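A short worksheet on the structure shown next.
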Amino acid sequence: MFRWLSQFLQRLLTVTALAVIAVGSGTALLVAGVNAWGVLSIHDYSAPSRPETREDVYNLPCDDATRSTSYENFDLNRRRGALIESTHPVDVDLGPWKLAVPWGYWNSRPFVRTLNCRHALEALWLQYWIPSLDAPEREMIYVSNTDSPVEERRPNPRPEESVVQAMLKPYGPGLHDKRSTAGWLIESQNLVRGGAGIVQDGGLWKTTVPVGALKAIYWFRSSEIEDLVIRCDPISTRCMGEVDFKDLSLEATLIFNRNAVSQHVLIVDGLRSLLSRWQLTKAVSQ
Numbered sequence: 043m044f045r046w047l048s049q050f051l052q053r054l055l056t057v058t059a060l061a062v063i064a065v066g067s068g069t070a071l072l073v074a075g076v077n078a079w080g081v082l083s084i085h086d087y088s089a090p091s092r093p094e095t096r097e098d099v100y101n102l103p104c105d106d107a108t109r110s111t112s113y114e115n116f117d118l119n120r121r122r123g124a125l126i127e128s129t130h131p132v133d134v135d136l137g138p139w140k141l142a143v144p145w146g147y148w149n150s151r152p153f154v155r156t157l158n159c160r161h162a163l164e165a166l167w168l169q170y171w172i173p174s175l176d177a178p179e180r181e182m183i184y185v186s187n188t189d190s191p192v193e194e195r196r197p198n199p200r201p202e203e204s205v206v207q208a209m210l211k212p213y214g215p216g217l218h219d220k221r222s223t224a225g226w227l228i229e230s231q232n233l234v235r236g237g238a239g240i241v242q243d244g245g246l247w248k249t250t251v252p253v254g255a256l257k258a259i260y261w262f263r264s265s266e267i268e269d270l271v272i273r274c275d276p277i278s279t280r281c282m283g284e285v286d287f288k289d290l291s292l293e294a295t296l297i298f299n300r301n302a303v304s305q306h307v308l309i310v311d312g313l314r315s316l317l318s319r320w321q322l323t324k325a326v327s328q
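Take any residue in the sequence shown, note its place counting from 1, add 42, and you have its number in this note's numbering.
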């Protein structure tokens with residue numbers, strides 16, 4: 043009994059130690075751990091001993107996309123991310139859909155160590171310029187003060203140029219239910235019949251809904267293949283849109299500048315165009 047306890051304590055001390063091992067002229071920090079079967083495992087979270095090239099990054103092995111970020115080397119991730127071209131494709135499984143999203147269009151870019159993994163997602167955050175449909179240089183989640191950021195190729199964005207942020211989610215059996223806003227607004231008998239306060243505006247129906255002492259503005263349209271609802275709150279410079287791509291069973295939540303409401307066709311059709319470019323295909327059921 044005591045011999046077994048002694049061996050157990052020795053193993054516990056061994057596997058929880060941190061070993062610093064000299065490698066050439068540098069030092070690598072190795073974190074030792076033990077798995078459920080008592081097998082020693084080593085993970086190297088250090089920076090490489092020489093500067094990495096773009097090809098090095100593109101050829102990184104797939105690291106577990108679900109691994110804890112407790113020991114993440116964020117500085118290394120930043121340096122590697124700067125080497126990745128905005129056009130470099132990253133494989134995504136979005137519910138029943140498969141697509142390859144270029145790096146620059148991610149609005150929440152994955153850790154570079156997962157670059158060559160297939161990313162199984164419930165929702166995909168995207169970003170794109172209008173009217174060009176180009177990828178922004180930075181992730182817009184870190185740019186809170188403008189929808190038209192100054193970039194190297196856009197030192198002075200034109201008034202009609204802005205970035206749209208989109209969250210794409212599939213719906214259907216085994217997936218999330220559709221939001222109710224589009225259905226509530228479009229299927230309302232008063233709105234469908236052109237009730238009081240409903241006017242046509244730039245290819246959309248427009249109405250106002252009281253929000254306390256103020257009024258929110260809604261625009262909407264409906265067709266066999268898609269529904270669109272846009273809401274602009276009175277004190278916000280941004281509007282939110284909801285698109286139901288009925289033919290794809292995909293729903294998109296959009297965030298864009300208030301001045302871009304008139305570009306609603308470009309915003310929605312542009313997103314469809316990008317999905318087509320990214321080889322959106324439905325996985326074959328087994």
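Glycine included, every Cβ here is placed at the ideal spot set by N, Cα and C. Computed from a predicted model, the values in this text were never measured in an experiment.
Just how far apart, CA to CA, sit residue i and residue j?
i    : j    : result
C104 : K211 : 25 Å
E293 : R92  : 45 Å
L136 : I183 : 21 Å
E114 : T323 : 33 Å
Y147 : A255 : 39 Å
A7   : L168 : As displayed, the chain neither begins before 43 nor continues past 328, which places residue 7 out of reach and without an answer.
T279 : S186 : 12 Å
Y260 : L163 : 30 Å
E266 : V143 : 27 Å
L102 : A325 : 26 Å
A258 : L157 : 41 Å
G123 : T188 : 23 Å
K248 : P191 : 29 Å
A165 : D133 : 14 Å
G244 : L270 : 13 Å
S264 : L125 : 43 Å
N119 : E181 : 15 Å
P215 : E94  : 45 Å
F262 : D286 : 12 Å
V253 : L246 : 21 Å
Q34  : W139 : Outside the modelled stretch of the chain, which goes from 43 to 328, sits residue 34, for which no answer is possible.
Classify residue i: buried if its beta carbon has 16 or more other beta carbons within 10 angstroms, exposed otherwise.
i    : result
A312 : Here the sequence assigns Gly to residue 312, which means Ala is not the residue at that position. Per the 10 Å Cβ criterion, buried.
Q207 : buried
E202 : exposed
E284 : buried
E127 : exposed
Q321 : exposed
Y100 : exposed
F116 : exposed
S204 : buried
V307 : exposed
L82  : Interpretation of L82 is limited by its pLDDT of 33, a score under 50 that renders its predicted location unreliable; the figure taken from the coordinates is listed afterwards. With fewer than 16 Cβ atoms within 10 Å of its Cβ, L82 is classed as exposed.
N198 : exposed
Q154 : According to the sequence as given, residue 154 is Val; it is not Gln. Result: buried.
S318 : exposed
R151 : buried
V310 : buried
E97  : exposed
G80  : Here G80 scores only 33 on pLDDT, less than 50, and its place in the model is too uncertain to base an answer on.
I272 : buried
E194 : exposed
Name the DSSP beta bridge partners of residue i, please?
i    : result
Q169 : Q207
R180 : Bridge partners of R180: none, in fact.
D243 : L246
T323 : K140
V185 : Looking at the DSSP assignment, V185 forms no beta bridge with any residue, so it has no partner.
P199 : Paired residue(s): none; P199 is not in a bridge.
Looking at the unbroken beta strand (DSSP E) that takes in residue i, where does it start and where does it end?
i    : result
S318 : Counting along the chain, S318 falls outside any beta strand (DSSP E), though it belongs to the alpha helix (DSSP H) covering H306 to R319.
V271 : E268 to C274
V285 : R280 to F287
T295 : L292 to N299
Y260 : L256 to S264
Contiguous beta strand (DSSP E) assignments of at least 3 residues, all confined to the region 89-166
131-136, 139-144 and 161-163
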